[in-house]
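Shown next, in structure tokens, is the structure this report addresses.
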Amino acid sequence: MELINNFLDKNDFENIKKLFLSPEFPYFFSSTIAYENEKTNDFYFTHTLYDHNVVHSNHFKVVLPLLEKLGIWFLRRVKVNCYTRTEKLIKHNEHQDYPFSHCGAVFSLNSCDGGTFIQNEFVKAEENRIVLFDPSTPHSSTTCTDAQARFNINLNWK
């Protein structure tokens, strides 16, 4: 696992943040977070930019500076996540993005008390911070309690 603060230059970061935190940006409801058939009250909103070798969103181009800085040559998936504020911090079920070793990252769009647990180590969400890790390693997301929502970009590549 590797943490990098201030990952993108200020202009690239602000362009990405401005779009994904805009009230006009379309997020889609997901009634589960870690597993399709999980029986919890956990939910979040997501917007898939790229998956299964297909661009799924007209907004994909805004993340190109992020992909270029990471030097990604085989992209698997990119999605933007929105976890709404809760009264108490909720740690979601542990999961693997895919069951095989690959490269991945969580890129935070805002700072809050939420974050990601990777092998029981908590990585706090700080805007323009990226955590690089193998997402086949069990990990879990959280909500936040001190902001309206927690926003991040989840990336998977080889």
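Counting the sequence shown from 1 gives a position; our numbering is that position plus 7.
The beta-carbon is built from N, C-alpha and C at its ideal position, and this holds for glycine as well.
The model shown is predicted, which means the values in this text are computed figures rather than measured ones.
According to DSSP, W164 shares a beta bridge with L82, C110. With respect to the 8 Å criterion, L26 and F32 are classified as neighbours on the basis of their beta carbons.
Residues N12, S115, S118 of the same chain have their beta carbon placed closer than 8 Å to that of E133, with the five preceding and five following residues left out of the count.
In its chain, beyond the 5 residues on either side, H63, F67, L82, R84, V85 have a beta carbon closer than 7 Å to the beta carbon of Y57.
Remark: C-beta atoms of A41 and E94 do not approach each other more closely than 8 Å.
The C-beta separation of G121 from C89 comes to about 11 Å, leaving the pair out of contact by the 8 Å criterion. With respect to the C-alpha of K76, the residue from N48, F124, N135 having the closest C-alpha is N135.
Inter-residue distance for K165 and G111 is about 8 Å (C-alpha atoms, whole angstroms). The beta-bridge partner set that DSSP reports for R92 consists of C151.
For E128, the uninterrupted beta strand (DSSP E) segment begins and ends at 128 to 131. Beyond the five residues adjoining it in sequence on each side, T91 comes within less than 6 Å, by CB distance, of A156 in the same chain, given in chain order.
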